[in-house]
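A short write-up of the structure that comes next.
Residue numbers (our numbering), protein chains in the order written: chain G, 52 to 413; chain Z, 52 to 413.
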């Protein structure tokens, strides 16, 4: 059984990523369609006789959104990709890298490889969003397509690696990748030291693993909860059964959250799930779309469907989350086709206010 | 003639705003529809033999967007409003405050007043966007409507102040308001010390004045350029003539950039324009919409029309800007009606690539 990724590995990644990854802000979001725009932890007038220092402590609402959508490639993936490629021995790196991805990891590998002067080949499933594939191509990466299953992706990568000597950069099951994603957790702990709940999207499990490792070391009292679409809930099943469970791509691919369609979590992420993740909750497709709309209108942030699931859980599944007084939800990516975003904005919330009434931290 | 707002006043505002205003990030944006997603100041491979410290200096593209749209009220206005209200003597503050605004200042005053426990009344023109007025109302502010001219707004505020003893919080022509907005410039100078061009929207001139004062003191080699819609170019005319020129509301209100429809700049802002602002350039309505679209798709940021004019100038009017190697454009607000944003996203760029070819910093 592999050792968990350590806080030292995550701190080393943070040094490599200084100036490469954006230090993304924690953006406040009202937690219910019925809430006022006022900070929900602050009764009007409560600062009237207080000091400005008191205001500093209480002015934020309980839900803060870690906006990884603002990264140069539009998703957190640039952290792990850059960390893994820059950690390769120079000789290996010189031959080039290869990666498989539903889109955001491909774009991140292409970006990091361009920065480091490394040739990149990315393997994308035939159903990957065109906006993500086009971005990887425009960064100079060679694009190879394959069937939309994890097995097909891995086989294609293995073949390219064997034939050309490329170094594979896995999307999640790799400790340098997980260490890079863990810098998201380091930043949350530094910028919001009293956080007691971190809610995080789960696809292959790289992000939630790194974040959970960072939070366990820096905020031991805080809990980390993963979120999946109910149409791709393999990690929830895996955590419940205590071992990895695969959901066939034919089922899992039905969710609109293309970034979270991995058939199953990785082996190393499974160890982090078992040891460091408190729970995994599910959200519906409608809740995802409603969260995308609220993020755009109330936090002025563009989210892709997979990026919005943690916010959706805080808005609509608060009763399934542990009680918390300071919650951070990770918005993991914003690479959405403009037509989909337009369609989401053009319709009123389809999720009733009743469902949303129990917003985060009851 | 009033003294210009000093760097000391801006630094004092920064202390008051710590924990109230978000420290907004500088988000990289590709500068031309034809550009690749790669950092445009970085040739592929240029870091292959370089150090990570070198990467830190060169990994950003030339255009950085200061995302004030992420503030709790969706615009920079919370800085000036909170600074001005918290600077009032306690006795005066206790009677309540009154402000006029096309929307974002109203929302900011309502938000800051709620934090400080002060009753707020906001005067909004009949043509203010409903999303902004609704937000101010939901924060507990009393709403009074008036005709959409600066004269009508001021008269209404004066009457309410005289009748109820409310303290007026002007939207731009007030040194505490300007000092608060100036903290945007302080943050730009701190986070991007080699900036040599700051491009800033101009309505009544409060933001550009504060930013210019901060930049003049902290980055004396950098230039500050204001941007207006060509349908509301009173500040450009004022700078050209050396004194304030008014554009009647009936003309100026035609621009889609509702946040920039002030009939004329303030008296104190006029002094900052003359002394500290290098130039003012204009953008068309189509350029504003194209910039909104590019911000959403490429920087994952929601902009309102008035918030997007500085980015529009960097994208489409680069030849009219001074040469620069490190440019920051201020995205001043993101409170846009969802239907307008959906419409912008649903259509391809209407501004040709030819017009955009001369992107920032030729």
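Cβ atoms here follow ideal geometry from the backbone N, Cα and C, with glycine treated the same way.
If we define contact as Cβ-Cβ less than 8 Å, is residue 131/G a contact residue for chain Z? Indexing the first chain from 1 puts residue 131/G at position 80. With 8 Å as the cut-off, residue 131/G does not count as an interface residue toward chain Z.
For chain G, check one thing: does any of its Cβ atoms lie closer than 8 Å to the Cβ of residue 120/Z? Sequence index remark: in the second chain, residue 120/Z carries index 69 (1-based). Contacts with chain G at 8 Å (Cβ-Cβ) include residue 120/Z.
Enclosing beta strand (DSSP E) for residue 308/Z [first to last residue]: By one-based count along the second chain, residue 308/Z stands at place 257. Neither: residue 308/Z is in no beta strand (DSSP E) and is coded neither H nor E.
Going along the segment 313-341 of chain G in order, which residues come within less than 9 Å of chain Z, judged by CB to CB distance? none
Within chain G, the residues that residue 396/Z reaches when beta carbons sit closer than 8 Å: Mapped onto the second chain, residue 396/Z falls at position 345. What residue 396/Z touches in chain G: 389, 390, 392, 393 and 396.
Among residues of its own chain, excluding the 5 on either side of residue 58/Z, which ones have a beta-carbon nearer than 6 Å to its beta-carbon? As a first step, residue 58/Z is located in the second chain; it is residue number 7 there, counting from the start. For residue 58/Z, where only same-chain residues beyond five positions count, the Cβ hits under 6 Å are 268.
In the DSSP output, what is residue 81/G paired with across the bridge? As a first step, residue 81/G must be located in the first chain, where it is residue number 30. Residue 81/G pairs with nothing; no bridge assigned.
Excluding the 5 residues preceding and the 5 following residue 335/G in the sequence, name in chain order all residues of the same chain whose CB lies nearer than 7 Å to its CB. Within the first chain, residue 335/G is the residue found at index 284, counting from 1. These residues qualify, in order along the chain: 281.
Top-ranked residue by Cα proximity to residue 275/Z, from 233/Z, 285/Z, 294/Z and 392/Z: The residue labelled residue 275/Z in the question sits at position 224 within the second chain. Checking every option, the nearest Cα to that of residue 275/Z belongs to 233/Z.
So with Cβ pairs under 8 Å, would you call residue 385/G a contact of chain Z? Translated into the one-based positions of the first chain, residue 385/G becomes position 334. Closer than 8 Å to some Cβ of chain Z, the Cβ of residue 385/G qualifies, so yes.
Just to confirm, are residue 440/Z and residue 192/Z a CB contact at a threshold of 8 Å? It is not possible to answer for residue 440/Z, since the shown part of chain Z is limited to 52 through 413.
Host beta strand (DSSP E) of residue 276/G (start-end): Locating residue 276/G in the first chain gives position 225, where the first residue counts as 1. Note, residue 276/G: beta strand (DSSP E), 274-280.
Can you list, in chain order, the residues of its chain whose CB lies under 6 Å from that of residue 190/Z, leaving out five sequence neighbours each side? The count along the second chain starts at 1 and reaches residue 190/Z at position 139. Cβ within range, chain order: 161, 162 and 165.
On the DSSP letters alone, give me the boundaries of the beta strand (DSSP E) that residue 381/G sits inside. Taking the first chain and counting its residues from 1, one reaches residue 381/G at position 330. Residue 381/G -> beta strand (DSSP E) spans 378-382.
Have a look at 113/G, 201/G, 152/G and 72/G and flag the residue whose alpha-carbon is nearest the alpha-carbon of residue 187/G. For the purposes of this step, residue 187/G is taken as residue 136 along the first chain, with counting starting at 1. The option with the nearest alpha carbon to residue 187/G is 152/G.
In whole angstroms, what separates the C-alpha of residue 147/G from that of residue 128/G? The residue labelled residue 147/G in the question sits at position 96 within the first chain. The residue labelled residue 128/G in the question sits at position 77 within the first chain. Going by the C-alpha atoms only, they are around 19 Å apart.
Interface residues of chain G facing residue 75/Z [CB-CB closer than 8 Å]: Looking up residue 75/Z in the second chain gives position 24. The contacting residues are 76.
Taking the alpha carbon of residue 134/Z as the reference point, which residue from 118/Z, 72/Z and 117/Z has its own alpha carbon closest? To locate residue 134/Z, count along the second chain from 1; it is residue 83. Among 118/Z, 72/Z and 117/Z, the Cα nearest to that of residue 134/Z is on 72/Z.
Flag residue 348/Z as yes if its beta-carbon sits less than 8 Å from any beta-carbon of chain G, otherwise no. The sequence position of residue 348/Z within the second chain is 297, counting from 1. At least one chain G Cβ lies under 8 Å of residue 348/Z.
Kindly say whether residue 79/G, judged by its beta-carbon, lies nearer than 8 Å to any beta-carbon of chain Z. The residue labelled residue 79/G in the question sits at position 28 within the first chain. Yes, contact with chain Z.
Starting from residue 151/Z, follow its DSSP beta bridges and name the residues at the other end. Taking the second chain and counting its residues from 1, the one referred to as residue 151/Z is at position 100. Bridge partners of residue 151/Z: 174/Z.
Quick one: is residue 59/G near chain Z, going by C-beta distance under 8 Å? Numbered from its first residue, the first chain carries residue 59/G at position 8. For residue 59/G, the answer is no, since every Cβ of chain Z falls outside 8 Å of its Cβ.
Within-8 Å CB hit, residue 237/G to chain Z: One-based indexing of the first chain puts residue 237/G at position 186. Judged by the 8 Å Cβ criterion, residue 237/G is not in contact with chain Z.
Please tell me whether residue 351/Z has its Cβ less than 8 Å away from any Cβ of chain G. Your numbering for residue 351/Z matches position 300 in the second chain. Yes, its Cβ sits closer than 8 Å to a Cβ of chain G.
Other residues of its chain near residue 218/G: CB distance less than 6 Å, five sequence neighbours each side excluded: The residue labelled residue 218/G in the question sits at position 167 within the first chain. For residue 218/G, same chain residues with a beta-carbon under 6 Å away, outside a window of 5 residues either side, are 139, 143 and 148 in chain order.
Please report how far the alpha carbon of residue 98/Z lies from the alpha carbon of residue 196/Z, in whole angstroms. Within the second chain, numbered from 1, the residue matching residue 98/Z stands at position 47. Within the second chain, numbered from 1, the residue matching residue 196/Z stands at position 145. Interpretation of residue 98/Z is limited by its pLDDT of 35, a score under 50 that renders its predicted location unreliable; no figure is taken from the coordinates.
What would DSSP say about residue 243/Z, mapped onto helix, strand or coil? Translated into positions along the second chain, residue 243/Z becomes position 192. Residue 243/Z: coil per DSSP, three-state reduction.
Does residue 216/G come within less than 8 Å of chain Z when only Cβ atoms are used? Taking the first chain and counting its residues from 1, one reaches residue 216/G at position 165. No, residue 216/G lies away from the interface with chain Z (no Cβ there is under 8 Å from its Cβ).
Starting from the N-terminal side, write out each stretch of the beta strand (DSSP E) that is 3 residues or longer and does not extend beyond the segment 282-369 of chain G. If one requires a minimum length of 3 residues, the beta strand (DSSP E) runs lying completely within the segment 282-369 of chain G are 330-334, in chain order.
In angstroms with no decimal places, state the Cα-to-Cα distance between residue 137/G and residue 67/G. Position 86 of the first chain, counting from 1, holds the residue named residue 137/G. Position 16 of the first chain, counting from 1, holds the residue named residue 67/G. Between residue 137/G and residue 67/G, the C-alpha separation is close to 8 Å.
Which listed residue (372/G, 368/G and 340/G) has its alpha carbon closest to that of residue 358/G: Translated into positions along the first chain, residue 358/G becomes position 307. Taking only the C-alpha atoms, the option nearest residue 358/G is 340/G.
Examine the Cβ distances between the segment 365-384 of chain Z and the segment 375-390 of chain G and report whether three or more of them are shorter than 8 Å. no
Given that residue 140/Z touches chain G, what residues does it touch there, using C-beta distances under 8 Å? Reading the second chain from its first residue, position 89 is the one you call residue 140/Z. Chain G residues near residue 140/Z: none, gap ~14 Å exceeds 8 Å.
Based on Cα-Cα distance, which residue from 360/G, 352/G and 371/G lies nearest to residue 392/Z? Stepping through the second chain from its first residue, residue 392/Z is reached at position 341. Closest by alpha carbon: 352/G.
Relative to the alpha-carbon of residue 388/Z, which residue among 60/G, 259/G and 347/G has its alpha-carbon at the smallest distance? As a position in the second chain, residue 388/Z is number 337, starting the count at 1. Minimum Cα distance to residue 388/Z is reached at 347/G.
Do residue 324/G and residue 279/G come within 8 Å of each other at the CB atom, strictly closer than that value? The count along the first chain starts at 1 and reaches residue 279/G at position 228. The count along the first chain starts at 1 and reaches residue 324/G at position 273. No.
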